[in-house]
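Have a look at the structure below, then the notes.
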Amino acid sequence: MHTLSFGRIVYALTFVTVLLSAAGSAKAVPVRRSEPPPQDDPFYTPPSGFQSSAPGTILKTRVMPSPLVGLSSFTENVAGAWQFLYRTTDALGNAIATVTTLIEPHNADPTKLLQYQIAEDSASQQCAPSYELQSNGSGTASVLDVLMMDAALNRGWYVATADYEGPNSVFTCGLTSGQGVLDSIRAVLSSTSTSGLKSSAGVVMWGYSGGALATGWAAELQPTYAPDLKLLGAAMGGTPADVNATVNAVNGGLFAGLIPAGILGLAQQYPDLNTYIQSQLIPSKAAAFNNASKQCAAADLQQFANQNIFSYFSNPNVMNAPVAIQAINASHMGSYQPKIPLWMYHAVHDEVVPFAPALAVVKKYCSEGSTITFTQDEISDHIILAITGAADAFNWLVARLNGTAVTPGCTTRTTATSILDSGALVTFGSIIFNGLQSLLGRPVGPTSIS
């Protein structure tokens with residue numbers, strides 16, 4: 000039996016991911032920014048009186064106005080893609096409207112749905128997935144997100160991905176995000192006459208990092224906010240169970256740009272916090288800090304890399320004020336118990352989203368009777384596990400949609416690297432193969448695999 004070193008495996012995976020991205024950049028026609036961003040697109044404006052509609056009600060429907068973006072600038076050859084403006088609820092209990100995108104593969108199985116949470120990680124509405132996924136929109140969907148959604152589409156599953164941060168892009172606000180995810184599921188399950196997706200379809204959820212925050216909150220809130228939804232399970236990795244822990248971990252480092260986006264995202268949900276934050280900014284630095292409400296995650300990471308974010312404030316302990324503590328604590332996970340089976344995975348040495356809070360929330364869930372399989376990956380970091388942990392998560396979701404029963408209770412497993420788990424390399428190879436197929440314009444769906 001041949002043994003591959005972890006370094007060689009990671010090198011190969013990274014090489015393939017870069018290759019897929021570069022292939023699109025080398026041959027694709029440059030993206031045309033012809034579609035207006037959400038803030039300028041009337042489709043995103045709800046009709047008068049929408050507040051009286053039930054959560055999950057579809058308010059507007061359209062075929063995706065420009066082709067679905069695939070790897071880099073290539074477009075996806077799918078059977079259909081629609082966008083639904085739907086009613087949901089924010090963290091303060093207000094009715095709001097946001098958009099979800101539903102994708103139908105070729106040879107679709109209308110009894111299976113993946114609700115996938117893209118890690119938007121931005122406080123700007125122009126970075127919403129509904130716009131990112133349009134080839135004539137921002138076209139900035141990550142290679143990994145596209146590969147994971149394609150994996151589901153190539154199984155014949157419908158895939159929905161919501162603008163779960165809502166119209167105000169409230170990045171890091173767990174309540175708004177979780178409710179936005181649940182109402183997206185309600186909306187797309189009611190779209191049968193448009194999409195063909197059955198209202199009785201089996202539903203699973205998946206998200207990593209910022210997408211795991213939304214997924215985790217949806218799992219926590221489902222029993223009380225959406226007991227009508229019969230969810231089969233959720234997979235989430237690199238889960239930011241404690242926003243404060245992430246702030247402390249990334250400040251002054253390469254991922255420091257997550258902090259301004261997170262602060263402004265919360266401030267856009269809580270007016271009192273916004274007033275306070277703006278009053279504490281050093282006037283000469285305020286414009287630079289507020290750039291985070293106008294740009295996407297990549298620009299934030301570039302602008303704020305290796306900076307002490309709290310040097311932008313007259314009081315470096317700005318987030319210790321009661322108004323800030325209240326908002327941050329409201330987004331900590333663990334206040335509610337998920338009733339659906341969970342697959343959770345986290346790097347022990349995660350440099351972006353610390354491991355300890357995720358482990359703590361797993362222990363809390365388990366003490367309350369949740370069913371969880373938790374994988375501790377000893378070698379990966381945050382970015383690497385997004386790649387190496389994906390195959391295990393996907394295989395678990397396949398089992399849920401295929402009706403395989405889950406043994407109740409909690410299991411914690413430790414692995415050197417998830418990519419070497421049984422079946423993981425084969426699944427990841429299939430995901431990469433399908434990505435290469437989509438670059439060639441092959442139909443995305445079960446028929447694209449010969």
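For the sequence shown, numbering that gives the first Met the number 0 assigns the number 0 to the initial residue and increments by one for each residue that follows. Each residue gets a CB set at the ideal place from its N, CA and C atoms; glycine is no exception. All of these numbers come straight from a predicted model, not from anything done at the bench.
Chain-order list of residues whose beta-carbon lies under 6 angstroms from that of residue i (same chain, five-residue window excluded)
{"i": "D391", "result": "S417, D420, A423"}
{"i": "A357", "result": "T238, A240, H345"}
{"i": "T171", "result": "V242, G261, G264, L265, S330"}
{"i": "S198", "result": "L188, T191"}
{"i": "N167", "result": "Q267"}
Environment of residue i [buried if 16+ CB atoms lie within 10 Å]
{"i": "A404", "result": "exposed"}
{"i": "L113", "result": "buried"}
{"i": "N433", "result": "buried"}
{"i": "S278", "result": "exposed"}
{"i": "K111", "result": "buried"}
{"i": "V249", "result": "buried"}
{"i": "E119", "result": "buried"}
{"i": "S176", "result": "buried"}
{"i": "S283", "result": "exposed"}
{"i": "T214", "result": "buried"}
{"i": "V62", "result": "exposed"}
{"i": "L196", "result": "buried"}
{"i": "D39", "result": "exposed"}
{"i": "G428", "result": "exposed"}
{"i": "I258", "result": "buried"}
{"i": "L91", "result": "exposed"}
{"i": "T410", "result": "exposed"}
{"i": "A385", "result": "buried"}
Assigned secondary structure, residue i (DSSP; H/G/I helix, E/B strand, else coil)
{"i": "F312", "result": "strand"}
{"i": "K59", "result": "strand"}
{"i": "P442", "result": "coil"}
{"i": "Y85", "result": "strand"}
{"i": "I430", "result": "helix"}
{"i": "R154", "result": "coil"}
{"i": "Q116", "result": "strand"}
{"i": "L19", "result": "Only weak support exists for where L19 lies, its pLDDT of 47 falling under 50; the coordinates are left without a value."}
{"i": "V187", "result": "helix"}
{"i": "Y207", "result": "strand"}
{"i": "C126", "result": "helix"}
{"i": "A80", "result": "strand"}
{"i": "Q133", "result": "strand"}
{"i": "Q436", "result": "helix"}
{"i": "L101", "result": "strand"}
{"i": "A94", "result": "strand"}
{"i": "G408", "result": "coil"}
{"i": "K515", "result": "The chain is shown from 0 up to 449; residue 515 falls before or after that span and cannot be answered."}
{"i": "A200", "result": "coil"}
{"i": "V68", "result": "strand"}
{"i": "T387", "result": "helix"}
{"i": "A392", "result": "helix"}
{"i": "T159", "result": "A small fix is needed here, since residue 159 is Ala in this sequence, not Thr. Note: A159 maps to strand in three-state DSSP."}
{"i": "T413", "result": "strand"}
{"i": "T193", "result": "helix"}
{"i": "T175", "result": "helix"}
Cut-off 7 angstroms between Cβ atoms - residues of its own chain near residue i, not counting five sequence neighbours on either side
{"i": "I252", "result": "Position check: residue 252 holds Gly in this sequence, whereas Ile was assumed. Cβ within range, chain order: N305."}
{"i": "Q50", "result": "A94"}
{"i": "D144", "result": "I117"}
{"i": "I281", "result": "Y311, F312, S313"}
{"i": "G408", "result": "T370"}
{"i": "N247", "result": "none"}
Residues of its chain near residue i, where Cβ-Cβ distance is below 8 angstroms and the 5 sequence neighbours each way are ignored
{"i": "G444", "result": "V77, A78, P104, H105, N106, A107, L152, N153, G155"}
{"i": "N394", "result": "G422, A423, T426"}
Q: May I ask you to verify whether the region 222–233 touches the region 175–183, counting CB pairs closer than 8 angstroms and requiring at least 3?
A: Touching, per the Cβ criterion.
Q) In chain order, which beta strand (DSSP E) runs of at least 3 residues are fully inside the region 342–385? A) The beta strand (DSSP E) runs lying completely inside the region 342–385 and spanning 3 residues or more are 371–376, given in chain order.
Q) With a cut-off of 8 angstroms, do at least 3 Cβ pairs link the region 387–402 to the region 354–368? A) Taking 8 angstroms as the limit for Cβ pairs, the verdict is that the region 354–368 does not touch the region 387–402.
Q. Are the region 302–318 and the region 343–352 in contact at 8 angstroms, needing three or more beta carbon pairs?
A. Too few Cβ pairs lie closer than 8 angstroms, so no.
Q. Is the region 78–91 touching the region 30–49, taking contact as three or more C-beta pairs under 8 angstroms?
A. Touching, yes, given that three or more Cβ pairs across the two stretches are closer than 8 angstroms.
Q. Is there contact between the region 294–301 and the region 263–279, where contact requires at least three CB pairs shorter than 8 angstroms?
A. Verdict: no, contact absent.
Q) Is there contact between the region 213–220 and the region 331–338, where contact requires at least three CB pairs shorter than 8 angstroms? A) Yes: the two stretches touch, three or more of their Cβ pairs being nearer than 8 angstroms.
Q | Entirely enclosed beta strand (DSSP E) segments - the region 209–280, minimum 3 residues | A | You should have 230–236.
Q: Assess, as a yes-or-no matter, whether the region 92–106 is touched by the region 153–161 under the definition of 3 or more beta carbon pairs within less than 8 angstroms.
A: Verdict: yes, contact present.
(Q) I'd like the ranges of any beta strand (DSSP E) spanning at least 3 consecutive residues and lying wholly in the region 282–340. (A) With a minimum length of 3 residues, no continuous beta strand (DSSP E) run stays inside the region 282–340.
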